[in-house]
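Notes for the one structure printed next.
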Amino acid sequence: MVQADTSPASTGISTPDAHFAWAGHAAANGMSLADRMEMVSRLNSAVGAVAGTDFTPTPFARSAELSDALGFTSAGGVWVKDETGGVAGSQKARHLFPILLHLQAVEAFGRLPERPPLAIASCGNAALAAATLARAARWPIEVYVPTWMSDGFGVQLDRLGADVRRCERLRDDPPGDPAMLRFREAVEGGAIPFTVQGPENALCLDGGRTIGWEISEQLSSAGIDSVDRVFVQVGGGAFATCLGAGLSLQHPSARLHAVQTAGCAPLVRAWQRAKELDLGPDEVAHHWGQVMTVWEQPQSLADGILDDETYDWIGVFAAMAASGGSPIESPEADVITAHELAHSAGFDVSATGSAGLAGLISALRSGASSGDPIGASERVVVVMSGIER
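For the sequence shown, numbering that gives the first Met the number 0 gives the first residue as 0, with consecutive numbering after it.
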């Protein structure tokens, strides 16, 4: 169960959900552990009825096919966390579930007499995850999407009962994603930010850490005491922030590499600017306007990570700096190669979901010229998140 804390760090804590903010709030307002666990179980069952699967640990194992194809020895290799069979086909629902639990707890206390609509700005996996959870809870949801969203996603959102709103750029709009602008207007009007961007709703960062905890447990079960690197695709940045935070509890030396495509790399550009300005991890937030700026005309086959701004970039910076990692900018050719290679290895993943693998391919090619070459005996982790649709 995603909201019962089974992390290695949980030994000795007072309750199995003690690491979650929603549970702390519920407990402080008199909800017993038994009632909290019953609420989690009930909502999880409802999610399973809608999605066809509920929150259970997703597979994690060494891929012999990928390891051999990329030249790793038997001592090292590519370990894959496969989220494609999870709720709504990606890790996004992990971020959203604690928000829904918090809302249901507040509702149980009688402090939410009416249900304001949930709101999210997304055109892909996050939107489907949000609509799936909203349907499970029978909660209305508004989904703000760009005009270029694929019809296939639209059909699925309609099937889930979402109120889909395509957002054109208005003449007086400031720079940035029009869908995000309309989403923020909806929140100002009373909608609840049901989103995977930490600056919009920090509770989304709570559940996202479970993927790092799960990987740590699965490594331990496999008798693996350490990993060298983690490659993770980055759009808005909450995924990388949470993965880094969750995994660092047991594997602080695993270098985190945030992967973006050459067609949309605001985080990579921001990292370079911070270096040019000689800014440390504790200083970058004070120079937001200089460091993180909107990427003009994002484009890539990995269309689920085309966020023109990496909203949770501060957290990603911190995770990379603490682990000794760095961002990777992958050319489009590597995005395509990674997608094909992932499928040949048996993963039913989208180009977005295999973009972390693209980063590994790019890093291997750069080799010694990068100053941080990857050894053939290293153990590296990639996450496949976002099923092919």
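Cβ coordinates follow ideal geometry from the N, Cα and C atoms, glycine included. Predicted model, so just to flag it, every value in this text is computed and none were measured.
Coil, strand or helix - residue i by DSSP
{"i": "Val86", "result": "helix"}
{"i": "Phe238", "result": "helix"}
{"i": "Thr260", "result": "strand"}
{"i": "Arg170", "result": "coil"}
{"i": "Asp81", "result": "strand"}
{"i": "Ser299", "result": "coil"}
{"i": "Gly374", "result": "coil"}
{"i": "Arg388", "result": "coil"}
{"i": "Ala8", "result": "Confidence in Ala8 is poor, its pLDDT being 42 and thus under 50, which makes the residue's placement unreliable; the coordinate value appears in the next sentence. Here Ala8 sits in helix by DSSP."}
{"i": "Met0", "result": "Bear in mind that the predicted position of Met0 carries a pLDDT of just 41, short of 50, making it unreliable; the figure below should be weighed with that in mind. Coil, per DSSP."}
{"i": "Val282", "result": "A small fix is needed here, since residue 282 is Glu in this sequence, not Val. Three-state result, Glu282: coil."}
{"i": "Gly75", "result": "coil"}
{"i": "Val255", "result": "It should be pointed out that residue 255 corresponds to Leu in this sequence rather than to Val. Leu255 falls in the strand class under three-state DSSP."}
{"i": "Met30", "result": "coil"}
{"i": "Glu37", "result": "helix"}
{"i": "Glu328", "result": "strand"}
{"i": "Ala17", "result": "coil"}
{"i": "Val380", "result": "strand"}
{"i": "Ser369", "result": "helix"}
Integer Cβ distance of residue i from residue j, believed to fall under 8 Å
{"i": "Leu42", "j": "Thr14", "result": "No, Leu42 and Thr14 are not in contact; Cβ-Cβ is about 18 Å, not under 8 Å."}
{"i": "Glu331", "j": "Ser299", "result": "6 Å"}
{"i": "Cys241", "j": "Ile191", "result": "Wrong, their Cβ atoms sit about 20 Å apart, outside the cutoff."}
{"i": "Gln259", "j": "Pro198", "result": "That belief does not hold up - the Cβ atoms of Gln259 and Pro198 are roughly 18 Å apart, past 8 Å."}
{"i": "Phe230", "j": "Gly355", "result": "4 Å"}
{"i": "Ser329", "j": "Gly358", "result": "5 Å"}
{"i": "Ala362", "j": "Phe71", "result": "That pair is no contact at about 13 Å."}
{"i": "Gly352", "j": "Gly385", "result": "3 Å"}
{"i": "Tyr411", "j": "Ala87", "result": "Given a span of 0 to 388 for the chain in the structure shown, any question on residue 411 remains unanswerable."}
{"i": "Thr52", "j": "Gly84", "result": "7 Å"}
{"i": "Leu95", "j": "Ala126", "result": "Actually they are not in contact, since the Cβ atoms of Leu95 and Ala126 sit about 11 Å apart, beyond 8 Å."}
{"i": "Val195", "j": "Leu100", "result": "Not a contact, Cβ separation roughly 16 Å."}
{"i": "Phe59", "j": "Ile214", "result": "6 Å"}
{"i": "Asp34", "j": "Thr57", "result": "With a Cβ gap of about 28 Å, Asp34 and Thr57 do not count as contacting."}
{"i": "Thr309", "j": "Val226", "result": "Their Cβ separation, rounded to whole angstroms, is 24 Å, which puts Thr309 and Val226 out of contact at 8 Å."}
{"i": "Arg93", "j": "Gly206", "result": "5 Å"}
{"i": "Met383", "j": "Ala341", "result": "6 Å"}
Residue range of the unbroken alpha helix (DSSP H) whose run includes residue i
{"i": "Met291", "result": "Counting along the chain, Met291 falls outside any alpha helix (DSSP H), and DSSP gives it neither H nor E."}
{"i": "Ile335", "result": "Glu331 to Ser343"}
{"i": "Ala362", "result": "Ala354 to Ser365"}
{"i": "Gly314", "result": "Trp312 to Ser322"}
{"i": "Ile98", "result": "Lys91 to Ala107"}
{"i": "Ala269", "result": "Pro265 to Glu275"}
Cβ pair residue i, residue j closer than 8 Å
{"i": "Val154", "j": "Ala239", "result": "no"}
{"i": "Ala20", "j": "Leu246", "result": "no"}
{"i": "Ser411", "j": "Gly76", "result": "Here the chain has residues from 0 to 388 only, and residue 411 is not among them."}
{"i": "Asp176", "j": "Pro145", "result": "yes"}
{"i": "Phe152", "j": "Gly188", "result": "no"}
{"i": "Ser174", "j": "Val293", "result": "Rather than Ser, the amino acid found at residue 174 in this sequence is Pro. Yes, they are a contact pair."}
{"i": "Ala185", "j": "Ala118", "result": "yes"}
{"i": "Ala135", "j": "Ala45", "result": "yes"}
{"i": "Ser349", "j": "Arg388", "result": "yes"}
{"i": "Pro265", "j": "Asp307", "result": "yes"}
{"i": "Val389", "j": "Ala301", "result": "Residue 389 lies beyond the residue range present for the chain, which begins at 0 and ends at 388; the question has no answer from this structure."}
{"i": "Val163", "j": "Leu169", "result": "no"}
{"i": "Arg228", "j": "Ala253", "result": "yes"}
{"i": "Trp138", "j": "Arg114", "result": "yes"}
Check: residue i C-beta below 7 Å from any heavy atom of the ligand NAP
{"i": "Ala135", "result": "Absent from the structure shown: the ligand NAP. Ligands present: none."}
First and last residue of the uninterrupted beta strand (DSSP E) at residue i
{"i": "Phe59", "result": "Phe59 to Ser62"}
task = With a floor of 4 residues, list each alpha helix (DSSP H) that falls wholly inside the stretch 196 to 235, ordered by position along the chain.
result = 203 to 207 and 209 to 220
task = Please list the segments of the alpha helix (DSSP H) lying wholly inside the stretch 116 to 194, counting only runs of 4 or more residues, in order along the chain.
result = 124 to 136, 150 to 158 and 177 to 187
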